[in-house]
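Asks: For the sequence shown, the numbering used here gives the first residue as 880, with consecutive numbering after it.
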Amino acid sequence: MKPLWMMVLAAGLAIVPAGAFAEDSSDPPAGLPAPAPEAGDKPYDVELNGGVVGYTGRVGNHTSAGVGYGITGAYNPNPLLSYEIAYQGNTNGIDNSDRKITSNILQGDVKFGPQLGGPFAWRPFVFAGLGLDFVNSGNNDFGLTNALQLEIPLGIGAELFTNKVWRVGARGTYNFAPGIGGAVSPEDAHPDRWGAQLTAQAAF
880 MKPLWMMVLA AGLAIVPAGA FAEDSSDPPA GLPAPAPEAG DKPYDVELNG
930 GVVGYTGRVG NHTSAGVGYG ITGAYNPNPL LSYEIAYQGN TNGIDNSDRK
980 ITSNILQGDV KFGPQLGGPF AWRPFVFAGL GLDFVNSGNN DFGLTNALQL
1030 EIPLGIGAEL FTNKVWRVGA RGTYNFAPGI GGAVSPEDAH PDRWGAQLTA
1080 QAAF
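(1) Which whole-angstrom value describes the C-beta separation of residue 948 and residue 971, a residue pair presumed to lie in contact below a C-beta threshold of 8 angstroms?
(2) Nearest-angstrom Cα distance between residue 1028 and residue 1016?
(3) Roughly how many angstroms separate the alpha carbons of residue 928 and residue 991, rounded to a whole number?
(4) Kindly indicate if chain C contains any beta-carbon less than 8 angstroms away from that of residue 1058.
(5) I need the straight-line Cα distance from residue 983 to residue 1062, nearest angstrom please.
(6) Per DSSP, what kind of secondary structure is residue 1005 in: helix, strand or coil?
(7) Decide if residue 993 is buried, meaning its Cβ has at least 16 other Cβ atoms within 10 Å, or exposed.
(8) Per DSSP, what are the beta-bridge partners of residue 982 in this structure?
(9) What residue does the alpha helix (DSSP H) around residue 1025 start on, and which one ends it?
(10) The ligand MN and residue 1049: does the residue's C-beta get closer than 7 angstroms to at least one heavy atom of that ligand?
(11) Would you identify the three-state DSSP class for residue 938, choosing helix, strand or coil?
(12) What residue range does the beta strand (DSSP E) around residue 1080 cover?
(13) Taking 7 angstroms as the limit between beta carbons, can you name the residues of its chain near residue 1059, skipping five residues before and five after?
(14) My guess is that residue 979 and residue 1083 are in contact by the Cβ rule of under 8 angstroms, so how many angstroms apart are they, rounded?
(15) Roughly how far, in whole angstroms, is the beta-carbon of residue 988 from the beta-carbon of residue 942, given that I think they are within contact range, below 8 angstroms?
(16) Do residue 968 and residue 1006 have their C-beta atoms within less than 8 angstroms of each other?
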């Protein structure tokens, strides 16, 4: 008769799932490209961004490039499509003074781009949407005024490590002002804005 300890060991091994000793397939073998994420892996993300923003036209002539900042929440129903809601802000100096002009934008946009593999998973994208810009310029020598105007944000960008929880990326934005809303300046009532930002995301 076999010793009792051998019988117990044999019984324990019999009930351990065969996959318990299998190699974890969540990460690709060393040297192989990272796979693109599947739909529904992590459908939500929150993004912080920061960079440089400037105005165009006459308003751009009277102001300097300034700091841009923002936060974005996104819903990603599939690997190609994202719906974003964001706050974007920027602060720019006004020439020949210590005054500032600030924009505070609430916007929504649709982002489109494929999930790609390679040395790491990444996603190039384009986006477009609508935004409402609250412009505050205070007192200044150039006739810049406070205004509320409509904007159409357009842009391109890329996200890196999209199969991970923490991601980084970059995006470039051009905010087109179609001329709806209050005038920011008598010389240039509705200036456009450009921006370049670095981004950091958390997916869940």
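Beta carbons: idealized from backbone N, C-alpha and C, even for Gly. Keep in mind that this is a model prediction, so the values were computed, not measured.
Replies: Here's the rundown:
(1) Taking the first residue of the sequence shown as 1, we reach residue 948 at position 69. Taking the first residue of the sequence shown as 1, we reach residue 971 at position 92. In fact, because the Cβ distance is near 12 angstroms, the residues do not count as touching under 8 angstroms.
(2) By one-based count along the sequence shown, residue 1028 stands at place 149. By one-based count along the sequence shown, residue 1016 stands at place 137. When rounded, the distance between both Cα atoms is 14 angstroms.
(3) The residue given as residue 928 occupies position 49 in the sequence shown. The residue given as residue 991 occupies position 112 in the sequence shown. Cα-Cα distance, rounded: 19 angstroms.
(4) No chain C is present in this structure, which holds just one protein chain.
(5) As a position in the sequence shown, residue 983 is number 104, starting the count at 1. As a position in the sequence shown, residue 1062 is number 183, starting the count at 1. Using only the alpha carbons, I get a separation of about 16 angstroms.
(6) Stepping through the sequence shown from its first residue, residue 1005 is reached at position 126. Reduced to three states, the DSSP call for residue 1005 is strand.
(7) For the purposes of this step, residue 993 is taken as the residue at position 114 of the sequence shown. Flag for residue 993 reads exposed.
(8) Taking the first residue of the sequence shown as position 1, residue 982 is located at position 103. Paired residue(s): 969, 1014.
(9) Walking along the sequence shown from the start, residue 1025 turns up at place 146. Careful: residue 1025 lies outside any alpha helix (DSSP H) and carries neither H nor E.
(10) This structure lacks the ligand MN, and indeed carries no ligand of any kind.
(11) Numbered from 1 along the sequence shown, position 59 holds the residue referred to as residue 938. Three-state result, residue 938: helix.
(12) Position 201 of the sequence shown, counting from 1, holds the residue named residue 1080. That run of the beta strand (DSSP E) goes 1072–1082.
(13) The residue you call residue 1059 lines up with position 180 of the sequence shown. Correct list, in chain order: 1028, 1029.
(14) Stepping through the sequence shown from its first residue, residue 979 is reached at position 100. Stepping through the sequence shown from its first residue, residue 1083 is reached at position 204. With 8 angstroms as the limit, residue 979 and residue 1083 do not qualify as a contact, their Cβ atoms being about 36 angstroms apart.
(15) Locating residue 988 in the sequence shown gives position 109, where the first residue counts as 1. Locating residue 942 in the sequence shown gives position 63, where the first residue counts as 1. With a Cβ gap of about 25 angstroms, residue 988 and residue 942 do not count as contacting.
(16) In the sequence shown, residue 968 corresponds to position 89, counting from 1. In the sequence shown, residue 1006 corresponds to position 127, counting from 1. Their beta carbons are not under 8 angstroms apart, which means residue 968 does not touch residue 1006 by this criterion.
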